Amino acid sequence: MVKSMEKVEDEIYNRQYQWIKDNKGREAAEKANYGWGVDTTGKELVVETKIYGHGVLTSRGSSKEDISHNFEPF
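The sequence shown maps to residues 3 to 76 in my numbering.
Spelled out as structure tokens, the structure:
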């Protein structure tokens, strides 16, 4: 099933919120700077979100593949 990039973007933000909430707590999820960095090649969407006091969560998704996350602490 091929999804639109808008749907992929919505899914990334929803999954980022849930990942941050599950791993860093609700307060961190609510205070995170979502979409601090967004890049798309037309085939893949990359969203970077700053989690204050914790690090940066980078998520990748495309219209054909599932979303993956990479967390870099600082």
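Quick reminder that beta carbons are idealized off the backbone N, C-alpha and C, glycines included. This structure is a prediction, so every number in the text was calculated from the model and none was measured.
Spatial neighbours of residue i in its chain, beta-carbon cut-off 7 angstroms, leaving aside the 5 residues before and after
{"i": "H2", "result": "Past the edges of the chain, shown from 3 to 76, lies residue 2, and the structure says nothing about it."}
Assigned secondary structure, residue i (DSSP; H/G/I helix, E/B strand, else coil)
{"i": "Y97", "result": "Shown here, the chain extends from 3 to 76; a query on residue 97 therefore has no answer."}
{"i": "I69", "result": "coil"}
{"i": "V10", "result": "helix"}
{"i": "K52", "result": "strand"}
Cβ neighbours of residue i in the same chain (closer than 6 angstroms, five flanking residues each side left out)
{"i": "K5", "result": "S65"}
{"i": "T60", "result": "E50, N72"}
Cut-off 8 angstroms between Cβ atoms - residues of its own chain near residue i, not counting five sequence neighbours on either side
{"i": "V58", "result": "W38, E50, T51, K52, F73, E74, F76"}
{"i": "Y54", "result": "A30, K33, A34, N35"}
{"i": "D24", "result": "none"}
Short Cβ contact (8 angstroms threshold) for residue i with residue j
{"i": "E8", "j": "I69", "result": "no"}
{"i": "V48", "j": "R62", "result": "yes"}
Distance, residue j Cα to residue i Cα
{"i": "E46", "j": "Y15", "result": "15 angstroms"}
{"i": "Q20", "j": "V40", "result": "19 angstroms"}
{"i": "T42", "j": "I22", "result": "22 angstroms"}
{"i": "H71", "j": "R17", "result": "9 angstroms"}
{"i": "E11", "j": "E67", "result": "13 angstroms"}
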